[in-house]
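*Asks:* Sequence positions in the sequence shown follow our numbering and run 1 to 119.
Sending over a structure as structure tokens; questions will come in a sec.
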Amino acid sequence: KLQKEEETQIIQEGTIIYLKDLYDHVVQVNDTIDVYREMLASFISFFMMLNSNGMNQVVKTLTIISTVFIPLTFIVGVYGMNFDNMPELHWEYGYFMVLFGMAVLTLIMFCVFKRKRWF
């Protein structure tokens, strides 16, 4: 209370009414600030979730691309070794068969990704 007992007359009776009204307004403003703070926290959380989902999509796309190119890089690395005892090096269509095999492998991986709805 603003006035404890009648013996303390620091604040006049008419002023107490205005101070109580002022107190009510301060409480109302404080409550409004609390509501806005909660709304702002919710907006920040929502914004962070959207950014996180966007980053997840980017990482998912990069993972799919890496998954496709790692086996192809391995095949190219094997055929990049300079050995004479690789029979397919002496075939007339060896180069085209390797390219065809790599294309088929890529197509199979894309089909698997589509079926699992990763891509």
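Even for Gly, the Cβ is constructed at its ideal location relative to N, Cα and C.
Can you give me the Cβ contacts of Ile64 inside the same chain, cut-off strictly under 8 Å, excluding the 5 residues immediately before and after it?
*Replies:* Excluding positions up to five away in sequence, the list reads Phe113, Trp118 and Phe119.
*Asks:* My understanding is that Met97 touches Leu72, with C-beta atoms under 8 Å, so please give their C-beta distance in whole angstroms.
*Replies:* Incorrect: roughly 15 Å between the Cβ atoms, too far for contact.
*Asks:* Would you grab the beta carbon distance between Met109 and Val68 for me? Rounded to a whole angstrom, and I think it's under 8 Å.
*Replies:* The Cβ separation is near 5 Å, so the contact holds.
*Asks:* Return the Cβ separation of Glu88 and Gly94 in integer angstroms, given the expectation that the two are a contact with Cβ distance under 8 Å.
*Replies:* About 4 Å; that satisfies the 8 Å criterion.
*Asks:* What does a CB cutoff of less than 7 Å around Cys111 pick up in its chain, not counting 5 residues either side in sequence?
*Replies:* Result list for Cys111: empty, nothing under 7 Å.
*Asks:* Ends of the alpha helix (DSSP H) at Asp31?
*Replies:* Residues Glu13 to Tyr79.
*Asks:* To the nearest angstrom, how far is it from the Cα of Asn82 to the Cα of Val76?
*Replies:* If I take the Cα positions, the gap works out to 12 Å.
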